[in-house]
Amino acid sequence: PSGLEIDDVHLSYGRTRVLRGATLSVESGRTTCVIGPSGSGKSTLLRAVNRLTEPDSGDIRLAGESVLDLDPDRLRRRVGMVFQQFNLFGHRTVLDNLVLPLRSVRKLSAAAAQAVALDRLAEVGLVHKADHRPSALSGGQQQRVAIARALAMDPEIILFDEPTSALDPELVKGVLELIAELAGRGMTMVVVTHEMGFAREVADTVAFMDQGRVVETGAPRQVFSSP
Ligand code: ADP
Ligand code: ADP
Numbered sequence: 009p010s011g012l013e014i015d016d017v018h019l020s021y022g023r024t025r026v027l028r029g030a031t032l033s034v035e036s037g038r039t040t041c042v043i044g045p046s047g048s049g050k051s052t053l054l055r056a057v058n059r060l061t062e063p064d065s066g067d068i069r070l071a072g073e074s075v076l077d078l079d080p081d082r083l084r085r086r087v088g089m090v091f092q093q094f095n096l097f098g099h100r101t102v103l104d105n106l107v108l109p110l111r112s113v114r115k116l117s118a119a120a121a122q123a124v125a126l127d128r129l130a131e132v133g134l135v136h137k138a139d140h141r142p143s144a145l146s147g148g149q150q151q152r153v154a155i156a157r158a159l160a161m162d163p164e165i166i167l168f169d170e171p172t173s174a175l176d177p178e179l180v181k182g183v184l185e186l187i188a189e190l191a192g193r194g195m196t197m198v199v200v201t202h203e204m205g206f207a208r209e210v211a212d213t214v215a216f217m218d219q220g221r222v223v224e225t226g227a228p229r230q231v232f233s234s235p
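To get full-length UniProt numbering, take the position in the sequence shown, counting from 1, and add 8.
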């Protein structure tokens, strides 16, 4: 099997039951948008996939392998993650933000890491910013760097946690266009978003979460037309 399977995951923080039997299946090559009210567990669900948080029960499988059986470094190479707040290293250049994980996670030589990093920056249109600090870039550019960094790991899947929520409105479009382009190329992605137009147009599948469960999944047309 390929893709991602989240199977009956329960997760509590103390007495707060955040995931209450969340189940979601993401086919390889497809884009799934996860929507739902604030606090419904969307972010926690993504974080459980690359083990930034651990479920109390249930299973999460990547290409058929339980993520709990994978070495965390190996898992993070296979699962890319893009956060709302970019999470770039602020005191490093844009280029180093890609080179460092290419060296430490993919174990590339300095020269090979630099070559891959420049390729990925070219893909997101930011080679000319390679020697800048992230703070010299717009929020939209910083998020594109974060996406380039995820792509640099050559992951099987990329998880996006509200990738445009921290951006000024005029910067949202460029980031959504980049994600749409990746979807068009057949990247496997899960995108938590409040951008309904994006979900409607780009997602193969929309999953609606409420109170710690995925309560509906389907093609955008189905999910958005239901009463
Ligand atoms: P969403 O992404 O749908 O807004 P989250 O997964 O961020 O939902 O959060 C779901 C619930 O879990 C919220 O009530 C949030 O406060 C709580 N929560 C998330 N992370 C933690 C944590 N580390 N400790 C305690 N509660 C948390
Ligand atoms: P987001 O909406 O991007 O998930 P949050 O502000 O909900 O942002 O969470 C930011 C960080 O704080 C996350 O690491 C989350 O797990 C943690 N967190 C969220 N809610 C709580 C909480 N009630 N108690 C402790 N940690 C929390």
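Glycine included, every Cβ here is placed at the ideal spot set by N, Cα and C.
Item                                                                                                           : Value
ALA154 classed as buried or exposed, judged by whether at least 16 other C-beta atoms fall within 10 angstroms : buried
Run of the alpha helix (DSSP H) containing GLU189, from where it starts to where it stops                      : 177–192
Buried or exposed (CB count within 10 angstroms, at least 16 for buried), GLY194                               : exposed
For residue 236, the three-state DSSP class (helix, strand or coil)                                            : Residue numbering for the chain in the displayed model covers 9 to 235; residue 236 lies beyond these limits and cannot be assessed.
Short Cβ contact (8 Å threshold) for THR172 with GLY37                                                         : no
SER173 CB to nearest heavy atom of ligand 1 below 7 Å                                                          : no
Neighbourhood of MET161 by C-beta, 7 Å cutoff - its chain only, sequence neighbours within 5 removed           : ARG85, GLY88, PRO109, VAL113, ARG114
CB of LEU106 within 8 Å of CB of ALA125, strictly                                                              : yes
Cβ-Cβ distance between VAL210 and PHE216 below 8 Å                                                             : no
Residues passing the C-beta test against ligand 1 heavy atoms, cut-off 5 Å                                     : TYR21, VAL26, SER46, GLY47, SER48, GLY49, LYS50, SER51, THR52
Residues that ASP218 bridges to, as DSSP identifies them                                                       : ARG221
Residues bridged to VAL87 [DSSP beta-bridge criterion]                                                         : ILE165
Separation of ASP169 from VAL34, as counted between CA atoms                                                   : 16 Å
Option nearest GLY11 by Cα separation, candidates LEU27, LEU186, LEU32, HIS99                                  : LEU32
Given PRO228 as reference, the closest of ILE14, GLY22, CYS41, VAL26 once Cα atoms are compared                : CYS41
CB contact flag (THR52, LEU76, <8 Å)                                                                           : no
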